[in-house]
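Written out below as structure tokens is the structure these notes cover.
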Amino acid sequence: MPIPTQMSLAGFIASEPDLHFNDTGAEYCRVRVGVGQWRKEADGSYTKLDPTFHDMVAFETAARETYARFRPGDSFLASGYIHEYEIERPGEPSVVKEEFVARRIGHNANKTTYEVQRRHPAPAERSNARTATPPATSPAVGF
Numbered sequence: 003m004p005i006p007t008q009m010s011l012a013g014f015i016a017s018e019p020d021l022h023f024n025d026t027g028a029e030y031c032r033v034r035v036g037v038g039q040w041r042k043e044a045d046g047s048y049t050k051l052d053p054t055f056h057d058m059v060a061f062e063t064a065a066r067e068t069y070a071r072f073r074p075g076d077s078f079l080a081s082g083y084i085h086e087y088e089i090e091r092p093g094e095p096s097v098v099k100e101e102f103v104a105r106r107i108g109h110n111a112n113k114t115t116y117e118v119q120r121r122h123p124a125p126a127e128r129s130n131a132r133t134a135t136p137p138a139t140s141p142a143v144g145f
């Protein structure tokens, strides 16, 4: 079975996340993001270019988390897909636009300092963990 993968986007939050609600009350969050660009030179070095800017949207849980946890300047990694849509205005030619739809999003650990706060196990799990004996391991044979 192949490893399930999705498209990803690495960048930084460029605008304040904006939380909205649709007609049925479901949340969605829109935000403008920047993506760093680099050009490889003939000598093997890299030159930093101006970032490109794009629209990103998240729905439901990802929308709530994006709105609550991200601020302009935060580096992120998101997985999802690109959604293309057409905008029609009277008297003007239609324009095709695109946005990245983030299904999952988190801070970029390569660029963000943070502290992980893990949930503590339930009391029953804690007592079992203290009294349980570790499984016996067999020695490696044939090395």
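Residue numbers for the sequence shown follow the working numbering, beginning at 3 and rising by one.
For every residue, glycine included, the Cβ atom is placed at its ideal position computed from N, Cα and C.
Predicted model, so just to flag it, every value in this text is computed and none were measured.
**Request:** Specify the secondary structure class of Thr114 as computed by DSSP and reduced to three states.
**Result:** Correct three-state label for Thr114: coil.
**Asked** Which of helix, strand or coil does DSSP assign to Arg105?
**Response** Of the three classes helix, strand and coil, the one that applies to Arg105 here is strand, per DSSP.
**Prompt:** Distance, Cα to Cα, Glu90 vs Glu100?
**Reply:** If you draw a straight line from the Cα of Glu90 to the Cα of Glu100, it comes to about 14 Å.
**Message:** Helix, strand or coil for Ala2? Go by DSSP, reduced to three states.
**Reply:** The requested residue 2 is not part of the displayed model; the chain covers only 3 to 145.
**Request:** Taking Leu79 as the reference, give the member of Leu51, Glu86, Gly38 with the closest Cα.
**Result:** Measuring C-alpha to C-alpha distances from Leu79 to each of Leu51, Glu86, Gly38 identifies Gly38 as the nearest.
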